[in-house]
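Residue numbers (this note's numbering): 6 to 60.
So, in structure tokens, the structure goes:
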């Protein structure tokens, strides 16, 4: 059995991952400079949870 990605997600090759990390780190520094606090949410939610929250 081959592992499969969930629908709507994808892998990023190393060179793209490095660029994305640089962009995210720059954004984090800007947000922190203006007093925003970090927030991390689940990457994947159960359909039932989303349906209960958003109908």
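Built from N, CA and C at the ideal position, the CB exists for glycine as well.
Put simply, of 54, 38, 10 and 33 the residue whose alpha carbon is nearest the alpha carbon of residue 45 is 33. Close CB contacts of residue 21 within its chain, under the 6 Å cut and outside five residues either way in sequence, are absent. For residue 27, the secondary structure class from DSSP, reduced to helix, strand or coil, is helix.
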